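The next block holds one structure in the form of structure tokens; read it before the comments.
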Amino acid sequence: MKTKIALTYVKFLHLTQAVNDLPQFPSLDPMEERLLNYFASAWYLGKKMTVLQVMHTYAEISPSTVHRRLKSLRHKGLIDLDLDPIDNRIKYIVDTELTSRYFTHLGKCLAKAVEA
Amino acid sequence: MASIKLQVIEMVAVTVLWILFYKLNLWLFAYFVHNPNIYWIFLPAGIRMISVFIFGWTAVLGIFIGSIFTNEAEISNYVIYLAAISALAPMLAKRTCMWWFKTPATLQGLSGKQLLIFALAGAFSNALFSNLYFHLYGLSDSLYNFLPMFIGDLAGTIIILYLSKGLLRLALNLYKRPHNPA
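And the structure:
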């Protein structure tokens, strides 16, 4: 009986760990994280970035790779594109509500880490 | 003897939880009904999954009894077979996924993403076998009820999982609050 109870309890513990591990935000690869952090500092300073500018920002990464990551971030709802009112070919990268929640969550995690 | 007593308690607990969440689902999601057997959101599917994970075959028995109770039709072969599918489908999904991911019986190493895959597999297996049965029993001409049932079970399971995550977080935060001794 002790073994059965112990096994049930252990299964419950591992299940709660897995439940805690449930994804909260879309998972990002390192390149996407790097881009998002770059956008965050630009948005904070009130800068406007176009897709073309961002594609040529990183000398060590090909523009097509950056473009693919931008598409992925947009698909995950972490960025959106605004058309320039004068020239529709120009697209500005803007944040979304999910982006605000994502950075708020990161800020809280940082605050908790500092307190601990 | 004590082991049997424990298993009976587990079975009764699962049955009670099944019935409670079924009633809750009826109350909360009455507008999301597709037909009397299928809801677009079905919370008890989450209870199926979690209880089968923790209690194994005891939970299967609990779900079977609970499903018979909650089926509004009179007890017949139809009700019994449907209850059996409802109880066995999550166990089949669990066994298949554990074999695929090589997860030990203790569930050690189970990740959040794997849990979502289990949810998908559970919803798929219940929807598939239930609809195959509806078709063989002559209740439907095709498997067109598969999609609403699959979505209902998946949505219900995900809601229960994230609700559990929220409750765990709340419990942890309450536990961590500094206590002021009197």
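First to last, the sequence lines map onto chains A and B. Taking the working numbering, the leading residue of the first sequence gets 117, the next gets one more, and so forth. Taking the working numbering, the leading residue of the second sequence gets 316, the next gets one more, and so forth. Think of the CB as a built atom: it goes at the ideal place given N, C-alpha and C, for glycine as much as any other residue. It should be emphasised that the depicted structure is a prediction, and the values quoted were computed from it without experimental measurement.
Residue environment, residue i, which counts as buried when at least 16 other CB atoms sit within 10 Å
i	result
LYS338(B)	exposed
SER445(B)	buried
LEU376(B)	buried
TYR354(B)	buried
TYR346(B)	exposed
LYS187(A)	exposed
THR173(A)	exposed
ASP200(A)	exposed
ARG184(A)	exposed
TYR459(B)	exposed
TYR452(B)	exposed
HIS130(A)	buried
LEU454(B)	exposed
GLU148(A)	buried
ILE374(B)	The question names Ile, but residue 374(B) is Ala in the sequence shown. Label assigned to ALA374(B): buried.
ILE473(B)	buried
LYS340(B)	Note that residue 340(B) is Asn in the sequence shown here, rather than Lys. With 16 or more other Cβ atoms within 10 Å, it is buried.
GLU213(A)	exposed
Where the beta strand (DSSP E) through residue i begins and ends
i	result
ASN350(B)	348-350
LYS207(A)	207-210
Distance CB(residue i)-CB(residue j) smaller than 8 Å
i	j	result
LYS164(A)	TYR125(A)	no
PRO463(B)	GLY437(B)	no
SER401(B)	ASN441(B)	yes
ILE378(B)	VAL329(B)	yes
PHE384(B)	ILE334(B)	yes
PRO142(A)	LEU194(A)	yes
LEU123(A)	THR421(B)	yes
PHE336(B)	ILE362(B)	yes
PHE465(B)	PHE449(B)	no
Rounded straight-line distance, which links the Cα of residue j to that of residue i
i	j	result
ALA360(B)	HIS221(A)	30 Å
ALA399(B)	LEU476(B)	23 Å
GLY481(B)	GLU176(A)	42 Å
ASP203(A)	THR166(A)	12 Å
TRP159(A)	GLN169(A)	14 Å
LEU358(B)	LEU152(A)	36 Å
VAL367(B)	LYS428(B)	18 Å
LEU483(B)	LEU431(B)	17 Å
LYS224(A)	PRO146(A)	21 Å
GLN133(A)	LYS409(B)	17 Å
ASP211(A)	ASN488(B)	30 Å
ARG205(A)	GLY162(A)	21 Å
LEU469(B)	LEU435(B)	6 Å
PHE155(A)	THR119(A)	54 Å
GLU138(A)	SER318(B)	Position check: residue 138(A) holds Leu in this sequence, whereas Glu was assumed. Each residue's alpha carbon lies about 33 Å from the other.
LEU490(B)	LYS127(A)	Checking the sequence, you will find Tyr at residue 490(B) rather than Leu. Answer to the nearest angstrom: the Cα atoms are 22 Å apart.
LEU189(A)	GLY467(B)	29 Å
PRO496(B)	VAL331(B)	Note on PRO496(B): pLDDT 47, under 50, position unreliable in the model; the coordinate value appears next. Rounded to the nearest angstrom, the two C-alpha atoms are 39 Å apart.
LEU407(B)	TYR218(A)	37 Å
LEU425(B)	ASN386(B)	33 Å
ILE397(B)	VAL135(A)	Note that residue 397(B) is Leu in the sequence shown here, rather than Ile. Their Cα atoms are separated by approximately 29 Å.
VAL348(B)	ILE356(B)	8 Å
PHE461(B)	LEU447(B)	9 Å
LEU403(B)	LEU144(A)	36 Å
SER178(A)	THR215(A)	25 Å
VAL230(A)	ALA486(B)	22 Å
ILE121(A)	SER180(A)	56 Å
ILE380(B)	GLU389(B)	14 Å
TYR393(B)	LYS192(A)	44 Å
Under the three-state DSSP convention, the category residue i falls into
i	result
THR472(B)	helix
TYR125(A)	helix
TYR448(B)	helix
THR421(B)	coil
TYR396(B)	helix
ILE353(B)	strand
THR173(A)	coil
LEU144(A)	coil
LEU199(A)	strand
Neighbour flag for residue i against chain D, beta carbons, 8 Å
i	result
LYS409(B)	Included in the structure are the protein chains A and B, with no chain D among them.
N-terminal and C-terminal residue of the alpha helix (DSSP H) that residue i is part of
i	result
LEU376(B)	372-385
LEU222(A)	213-231
SER426(B)	Run containing SER426(B): none; DSSP gives neither H nor E here.
PRO179(A)	179-191
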